[in-house]
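Below: one structure, written as structure tokens.
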Amino acid sequence: MYEQRKAKVIFNKSGGNSSENSYTNRVTIPTMWIKYLDITKSDREVLLTFDGNKIIIEKIEE
57 MYEQRKAKVI
67 FNKSGGNSSE
77 NSYTNRVTIP
87 TMWIKYLDIT
97 KSDREVLLTF
107 DGNKIIIEKI
117 EE
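For what it's worth, the working numbering labels the leading residue of the sequence shown as 57, then goes sequentially.
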């Protein structure tokens, strides 16, 4: 499967004791992609890899 989608990064202010300039960043991943990777609510651990140009998300197989 190969598919590309344009998305926006969501910036949320961090809470708790973090500095006032701290942000949490999120990107929504299409549900179809999550299902294709067989990621579920009970088995949701993934490996994130950053190579300087790309962010790669892989399901961790146990």
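Even glycine gets a Cβ: it sits at the ideal position worked out from N, Cα and C.
These figures come from a predicted structure and were not determined experimentally.
Look at the alpha carbon of residue i and the alpha carbon of residue j, and state the distance between them as a whole number of angstroms.
i: Thr-105; j: Leu-93; result: 16 Å
i: Thr-96; j: Ile-66; result: 23 Å
i: Pro-86; j: Asn-73; result: 32 Å
i: Met-57; j: Gly-108; result: 24 Å
i: Lys-62; j: Ser-98; result: 28 Å
i: Lys-110; j: Ser-78; result: 23 Å
Pull up the DSSP beta-bridge partners for residue i, would you.
i: Asn-138; result: There is no way to answer for residue 138, as the model of the chain reaches only from 57 to 118.
i: Leu-103; result: Glu-114
Should residue i and residue j be called a contact, given that it needs their Cβ atoms to be closer than 7 Å?
i: Thr-84; j: Asn-68; result: no
i: Lys-115; j: Val-102; result: yes
Near residue i, what residues of its chain come up, given a Cβ to Cβ distance below 6 Å and the 5 sequence neighbours on each side ignored?
i: Ile-112; result: Thr-105
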